[in-house]
Structures are given as C-alpha cells and as structure tokens.
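For reference, the structure discussed in these notes is given below.
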Amino acid sequence: MLRLQPIYSVTKRIIHGYEVLSGPLPAQDCETFFSSLSAASHQTLLVQQLNIIKQRNDYSRYYLNLPVALLSDMFAIEQLLPELHNNIIIELQDPENISRLSPSAARVLNHNLNLIRANDIPIWLDDIAPALFDDVSSLLFKFDGIKIDKHAFWTLSETPEHLRQFIYDCHTLTQNVTVEGIENIQQQRVATRCGANFLQGFLWPEIHIQHPYLFTYCYP
51 MLRLQPIYSV TKRIIHGYEV LSGPLPAQDC ETFFSSLSAA SHQTLLVQQL NIIKQRNDYS
111 RYYLNLPVAL LSDMFAIEQL LPELHNNIII ELQDPENISR LSPSAARVLN HNLNLIRAND
171 IPIWLDDIAP ALFDDVSSLL FKFDGIKIDK HAFWTLSETP EHLRQFIYDC HTLTQNVTVE
231 GIENIQQQRV ATRCGANFLQ GFLWPEIHIQ HPYLFTYCYP
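Residue numbering for the sequence shown follows our numbering, beginning at 51 and increasing consecutively.
Next up, the structure:
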C-alpha cells in the first residue's frame with residue numbers, strides 16, 4: 051500500500067504536497083523492514099513509487115525518501131535521474147548515517163546531491179533532531195528544506211522556547227522548516243507559533259493507494 055501523507059503550508063493554509071510512504075507486507079514490522087532494505091531494494095521501491103505517482107497525473111508535489119547509501123551511489127543516481135520529474139522532492143531520510151561515511155563516500159554524496167539539484171529536483175533533509183544538528187551544519191551542501199523529527203518535536207514542544215530555538219537554528223541552514231508529528235490542533239498551534247513553515251502528521255487525513263505488487267522485488 052502506498053500512503054500519501056499531506057504536508058500543510060502554514061502561510062498559504064493549504065496542502066503543499068505529500069510525503070510518499072509505503073507499508074510493508076502484513077505481519078512485518080515497518081521499521082525493521084525499511085532498515086533492512088539494501089540500496090538496490092530502495093532503488094527498486096523508489097521506481098515503483100514513481101510509477102504509481104505518474105498514474106495520478108496531477109501537479110501535486112511528492113516527497114520521496116532516499117537513504118544515504120543510495121544517495122552516495124553514483125551509478126544508482128545516474129539511473130534514477132531520468133525517472134525524476136519537476137514535481138518530485140527528494141528527502142535524505144537517514145541523516146544519522148552521514149557522519150559514518152568515509153571521506154571518499156562523502157565526496158560522492160555531495161557530488162550526487164548537486165547533480166540532482168542541477169536537474170531542478172529540490173533536496174530536503176528528513177528527521178533532524180538536536181543531536182544531529184552539528185553534523186548537518188558542517189555539510190558543504192545546503193538543503194532546500196529541513197524536517198524536524200516527530201519525536202524531537204514532541205520532546206521539544208514540552209518547553210516551547212526550546213522548540214522555537216531549534217526551529218530558529220534550522221532556519222540558519224535553510225528557509226524551509228517542516229515539523230513532523232502534528233496529531234492535534236494544540237500541536238499545530240505550538241509548531242506554528244514557534245516558526246515552522248510547514249506541518250505534517252496525522253492531523254490531516256492520508257491518501258491510501260492499494261498496490262499489491264509494490265514490495266514484490268524490494269527485499270534485500
């Protein structure tokens with residue numbers, strides 16, 4: 051099943067786009083499933099997601115997740131580029147793995163990110179938390195947007211001043227900051243008052259697309 055999770059624009063008060071999420075086969079743990087996928091399996095999954103999105107034939111923005119392992123693979127990115135269109139936004143989904151790259155792999159990652167952007171595809175950084183901020187701020191590549199991890203939001207929002215400061219810190223790296231994990235009106239108000247540009251979470255109903263063959267070739 052393909053899940054399209056709405057991303058809400060605070061300034062325009064409309065749905066800005068959708069993050070493309072996928073559910074694993076029944077009886078599989080979601081986090082275990084995706085953490086075990088190889089780079090090749092992620093690439094296969096991404097192509098399948100893109101094919102389903104193309105069938106929608108609309109002008110919505112779609113955010114697709116790619117791991118560092120795939121984004122630092124030059125051959126894989128060269129294969130994927132022809133599949134990407136101007137309504138696609140790429141999200142680097144596992145920023146905690148950036149610091150684990152060798153110097154040569156880090157250079158390839160930077161090259162590939164610039165190559166994607168040169169093809170007019172925006173690149174966002176997903177799931178940022180305060181513990182990762184220093185690693186992210188040291189990168190040469192400047193992302194088009196940053197998403198704050200939902201667990202980080204839930205913790206920081208207990209002291210709104212801490213949330214406001216972290217959103218401000220993220221704004222020093224990019225103009226666009228999304229807060230994930232918005233599940234009720236109170237959370238929406240807190241994130242908005244603290245300076246988020248975009249909001250995402252179960253407060254806005256997802257679109258579900260049934261597709262039984264989505265994971266047929268996605269095992270590592």
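By construction, the Cβ of each residue, glycine as well, lies at the ideal position given by its N, Cα and C atoms.
Lys104 versus Thr209 - alpha carbon distance: Each residue's Cα considered, the two are about 42 Å apart.
Is it buried or exposed, Asp184, if we count other Cβ atoms within 10 angstroms and call 16 or more buried? Using a 10 angstroms sphere on the CB of Asp184, the tally of other CB atoms stays under 16, which defines it as exposed.
Starting from the C-beta of Leu159, find all residues in its chain whose C-beta is less than 7 Å away, skip the five residues before and the five after it, and write them out in chain order. Around Leu159: Val118, Leu121, Ser122, Leu151.
For the region 226-235 and the region 200-208, state whether three or more C-beta atom pairs, one from each stretch, are separated by less than 8 Å. Flag = yes, the region 226-235 and the region 200-208 touch.
Start-to-end residues for the alpha helix (DSSP H) that takes in Trp204: Its alpha helix (DSSP H) spans residues 200-206.
CA-CA distance, Thr222 and Leu253? Taking the straight line joining both Cα atoms gives about 28 Å.
Going by DSSP in three states, Glu146 sits in which element: helix, strand or coil? Three-state DSSP puts Glu146 in a helix.
With distances taken between CB atoms, is the gap from Gln143 to Leu182 smaller than 9 Å? In this structure, Leu182 does not lie closer than 9 Å to Gln143 by Cβ.
Cβ-based neighbour list, Thr224, same chain, cut-off 6 Å, excluding 5 preceding and 5 following: Close CB contacts of Thr224 within its chain, under the 6 Å cut and outside five residues either way in sequence, are with Phe193, Gly195, Ile196 (chain order).
Going by DSSP in three states, His66 sits in which element: helix, strand or coil? Correct three-state label for His66: strand.
In chain order, what residues of the same chain lie with their CB nearer than 7 Å to the CB of Ser110, ignoring the 5 residues before and after it? Here the set comprises Gly67, Tyr68, Asn137.
Which residues bound the beta strand (DSSP E) around Phe248? First-last of the beta strand (DSSP E) with Phe248: 248-250.
Asp176 (DSSP reduced to helix, strand or coil): Three-state DSSP puts Asp176 in a strand.
Thinking just about the alpha-carbon of each residue, which of Leu130, Val60, Ala90, Ser154 is nearest to the one in Val240? Scanning Leu130, Val60, Ala90, Ser154 for the CA closest to the CA of Val240 turns up Val60.
Secondary structure at Lys104, three-state DSSP: helix, strand or coil? In this structure, Lys104 counts as helix in the three-state DSSP scheme.
Is Trp254 helix, strand or coil by DSSP? Of the three classes helix, strand and coil, the one that applies to Trp254 here is coil, per DSSP.
So, is Ala168 buried or exposed, given that buried needs 16 or more other C-beta atoms within 10 angstroms? Exposed.
Please identify the residue among Val186, Leu189, Arg106 whose C-alpha is closest to the C-alpha of Val70. The candidate whose alpha carbon is nearest that of Val70 is Arg106.
Asn101 burial status per 10 Å Cβ neighbour count (16 or more: buried): Around the CB of Asn101, fewer than 16 other CB atoms lie within 10 Å, so the residue is classed as exposed.
Looking only at C-alpha atoms, which of Ala246, Lys62, Phe125 sits nearest to Ala89? Among Ala246, Lys62, Phe125, the Cα nearest to that of Ala89 is on Phe125.
Residues that Tyr58 bridges to, as DSSP identifies them: Answer is Ile65, Leu249, bridged to Tyr58.
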